[in-house]
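Chemist:
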Amino acid sequence: MGLKQHGTRVKAAKSKNPKTARRSLGTIGLTGLGIGGIIGAGFFLGSGIVIRQVGPGVVVTYLLAGVILAQVMGAITSMAINVPVRSSYQEYIQQYLGHFLGYFLGWAVYISGILSVGSEAVAMAVYSRTWDPHIALGIYALVYVLIIIGLNMFGVANLGKTEAAMSVVKTAVLVGFMVVAVWLLSHLGGSSHLAGWALIRAHGGTFPRGVPALFKGMLIVIYSYAGVTTVAMATSRTKHPKDVIPKAALATTLGVVGLYALSVAGLMLLVPYTRMSPHQSPFVTALGSYHLVWFSWAFNAVILVASFSVMAGTFYATEWMLISMALQKGAPSFYRHKGRGRPYASLITTALLVIATLVLAFMLPRTVYTDLTAASSYFSFVNWLLILLAFAVWFRHARTNGQTVSRLAFGAPYLTWAMAAAIMALGIYSATVPSFRLALYVFAGLSAILVAIWFLGARRQVTRQA
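No gaps in the numbering here: position 245 of the sequence shown is 245 in UniProt numbering, and each next residue is one more.
1) So, at 8 Å on beta carbons, what are the nonlocal neighbours of A195 in its own chain, with the 5 sequence-adjacent residues on each side left out?
2) For a minimum of 4 consecutive residues, which ranges assigned as the alpha helix (DSSP H) are wholly contained in the region 253 to 313?
3) Measuring only the C-alpha atoms, how far is I323 from S346?
4) Select from E319, I348, L63, K170 the residue whose C-alpha is nearest the C-alpha of F215.
5) Measuring straight from C-alpha to C-alpha, what distance separates R437 and Q53?
6) Between A351 and the rest of its own chain, which residues show a CB-CB distance below 7 Å, the 5 nearest in sequence each way excluded?
7) Give the secondary structure of T350 by DSSP, where H, G and I count as helix, E and B as strand, and everything else as coil.
8) Report yes or no: do three or more beta-carbon pairs, one from the region 102 to 109 and one from the region 121 to 139, lie closer than 8 Å?
9) Taking the beta carbon of H291 as the centre, do at least 16 other beta carbons fall within 10 Å, making it buried, or is it exposed?
10) Which same chain residues end up closer than 6 Å to G113 when comparing Cβ atoms and leaving out the 5 residues on each side of it in sequence?
11) Are the beta-carbon atoms belonging to T171 and L45 less than 9 Å from one another?
12) Where do the ends of the alpha helix (DSSP H) carrying S47 lie?
13) Going by Cα to Cα distance, which pick from G288, V310, K239 is closest to N300?
14) For H279, which of I348, G26, S128 has the nearest alpha-carbon?
15) Using DSSP with H/G/I as helix, E/B as strand and the rest coil, what is P434?
16) Following the continuous alpha helix (DSSP H) through P208, name the residue where it begins and the one where it ends.
17) With a 10 Å radius around its C-beta and 16 neighbouring C-beta atoms as the bar for buried, classify P56 as buried or exposed.
18) How about G210 and A361: are their beta carbons less than 9 Å apart?
19) Around the Cβ of L254, are there at least 16 other Cβ atoms within 10 angstroms (buried) or fewer (exposed)?
20) Count the other CB atoms within 10 Å of the CB of N152; is the residue buried (16 or more) or exposed (fewer)?
21) Can you look up L446 in the DSSP assignment and give me helix, strand or coil?
22) What is the rounded straight-line gap between the Cα of V145 and the Cα of I111?
23) Our contact map puts R75 next to T416 with C-beta atoms below 8 Å; I'd like the distance itself, whole angstroms only.
24) So for residue 509, helix, strand or coil by DSSP?
25) For G402, which option in S78, G42, S116 has the closest C-alpha, if you only look at C-alpha atoms?
26) Counting Cβ pairs closer than 8 Å, one from the region 80 to 93 and one from the region 409 to 428, do we hit at least three?
27) Between the alpha carbons of M276 and Y223, how many angstroms are there, rounded?
28) Out of P282, K247, L450, state which residue places its alpha-carbon closest to the alpha-carbon of L174.
29) If you compare alpha carbons, which of G42, K329, S116 is closest to L353?
30) So, helix, strand or coil for Q461, using DSSP?
31) Would the beta-carbon of A420 fall within 9 Å of that of A392?
32) Would you kindly work out how many angstroms separate the C-alpha atoms of A306 and L456, rounded to a whole number?
33) Between the alpha carbons of G217 and L440, how many angstroms are there, rounded?
34) Measure the CB-CB distance between S380 and S430 and report whether it falls below 9 Å.
35) Quick one: Cα of T31 to Cα of I93, how far?
36) If you drop the 5 nearest sequence neighbours on each side, which residues of the same chain put their C-beta closer than 6 Å to that of S447?
The structure is reproduced here in structure tokens:
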């Protein structure tokens with residue numbers, strides 16, 4: 001039974017959409033969705049940007065962000081196994097933090113999804129130019145977006161199975177890179193290549209940009225973990241949630257953080273951090289430095305295919321968030337979907353917004369990928385912050401009712417509040433970083449529009465629905 005809070009009660013109910021009502025995900029399926037949804041362009045391409053900003057100490061940046069990820073996963077897991085909901089974790093925000101923040105989160109996730117699809121398309125375009133650099137980046141990106149729209153137009157069958165398969169591929173690729181890195185490091189004795197700790201010392205040590213650079217790097221690293229919402233959206237579709245969700249959340253968190261930290265450490269021991277560029281995957285740069293051209297091309301091809309799955313899944317989840325908002329009257333009623341046929345209204349709107357975002361991004365300065373990821377990071381900050389705050393409210397009741405708390409939410413509620421404060425501090429700090437100014441203005445402008453719409457009529461519709 002759900003707790004009563006702010007005049008809203010969340011309970012396990014039959015979804016208006018049969019696809020969301022079907023509980024079919026097991027531990028492997030949910031873990032696959034988690035790893036497949038999190039590991040994408042934000043890491044395969046974005047890690048190069050962070051490495052250049054931070055230096056070899058970037059491994060610490062990924063581990064620190066992993067602690068925040070663990071707390072967010074623990075918060076979602078704890079609420080999901082004790083308070084089942086009919087559609088998505090947005091209902092927890094509405095239940096424990098009120099109607100306005102529930103409405104705001106729904107739109108924040110939707111906008112973040114739009115930006116994420118755009119950034120994945122740009123990343124895929126960057127990968128493709130490894131083979132043919134003469135085709136414009138914008139052409140590649142637009143073609144990939146149109147393909148994803150076409151796939152969604154005709155339906156994405158077995159998306160969970162596809163993501164699970166792609167998660168295996170991406171995990172295998174990263175493990176393969178680590179094996180190659182170990183082999184190279186163990187066979188470089190007497191060669192002209194400077195590698196290992198000697199390489200790091202020769203380029204300024206662990207923190208050549210200074211410790212403050214760690215926090216600047218966090219602004220991009222958070223985006224590489226932003227796919228955690230894939231797990232959050234899928235918790236309502238698990239069979240045996242009290243058994244499946246905790247295991248999948250733990251496996252996803254440890255798996256992703258471990259893969260990120262170890263593979264980045266491998267990069268730092270093989271090539272100077274100054275060699276990294278936002279115009280090429282750092283893994284391709286590293287492998288190319290050792291003349292493993294065919295391996296780097298194969299790596300690039302696998303990343304390209306894997307990014308397709310992330311992009312398709314993000315587009316699908318984004319389109320259904322709009323439908324969910326419409327069902328709660330937080331979006332126009334014509335976006336509602338009763339479960340038969342394709343939801344063309346939400347699909348077309350989402351498609352047009354993705355294309356418009358991509359076109360605008362290429363009309364702006366050349367740092368297109370950084371701008372898209374930075375803007376998406378702000379909405380990820382809001383998303384994670386509200387999840388932690390909702391969990392903190394729930395936790396007060398959970399302690400008195402003897403409910404189960406995830407092991408990932410260790411140190412609750414003190415560490416919960418600490419991580420929430422850290423997210424707010426990162427958001428404030430980002431205002432001092434020139435490269436994030438444009439993204440901050442975009443976030444502030446869109447937030448102001450959402451607040452205005454709330455007071456102009458959405459508040460009345462949402463509260464009446466409740």
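Even glycine gets a Cβ: it sits at the ideal position worked out from N, Cα and C.
Here the structure is a predicted model, which means the values were calculated and not measured.
Modeler: This is what the structure gives:
1) L184, L185, L188, L269, L270
2) Counting only runs of 4 or more, we get 282 to 289.
3) In this structure, the alpha-carbon of I323 lies about 7 Å from that of S346.
4) L63
5) 17 Å
6) I149
7) helix
8) no
9) exposed
10) T314, T318
11) no
12) Here the alpha helix (DSSP H) through S47 covers 46 to 54.
13) G288
14) S128
15) helix
16) For P208, no alpha helix (DSSP H) run applies, since DSSP gives it neither H nor E.
17) By the neighbour-count criterion, in which 16 or more other beta carbons inside 10 Å mark a residue as buried, P56 falls on the buried side.
18) no
19) exposed
20) buried
21) Reduced to three states, the DSSP call for L446 is helix.
22) 16 Å
23) Here the sequence assigns Ala to residue 75, which means Arg is not the residue at that position. Contact holds; Cβ gap of about 7 Å.
24) As shown, the chain starts at 1 and ends at 466. That puts residue 509 outside it, with no answer to give.
25) S78
26) Judged by Cβ distances under 8 Å, the region 80 to 93 makes no contact with the region 409 to 428, as fewer than three pairs qualify.
27) 18 Å
28) The residue among P282, K247, L450 with its C-alpha nearest the C-alpha of L174 is P282.
29) S116
30) helix
31) yes
32) 42 Å
33) For G217 and L440, the distance between alpha carbons rounds to 16 Å.
34) no
35) 24 Å
36) none
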